[in-house]
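To start, the structure itself, in structure tokens.
Residue numbers (the numbering used here): 540 to 600.
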């Protein structure tokens, strides 16, 4: 997970772990912060790179 600007983040990982469903599931339950439950939501896009498609840095351009 990397913050690439403002409220924009990038996630790199194996195909099975980085599906939109798996990432949305992380937001299904509230996060406990300083003893309080905080709900968050996310809007996301997905880019799948194969070995010959270039680097992650290329995809972020």
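For each residue, glycine too, the CB sits at the ideal point set by N, CA and C.
Quick caveat: nothing in here was measured; it's all calculated off a predicted structure.
Q. Where residue 574 and residue 542 are concerned, what is the direct C-alpha to C-alpha distance, given to the nearest angstrom?
A. 25 Å
Q. Taking C-beta to C-beta, are residue 579 and residue 588 nearer than 7 Å?
A. no
Q) What is the rounded straight-line gap between the Cα of residue 614 and the Cα of residue 593? A) The displayed coordinates of the chain run from 540 to 600. Any statement about residue 614 would go beyond what the structure contains.
Q.
Checking the sheet assignment: what are the DSSP bridge partners for residue 577?
A. 570
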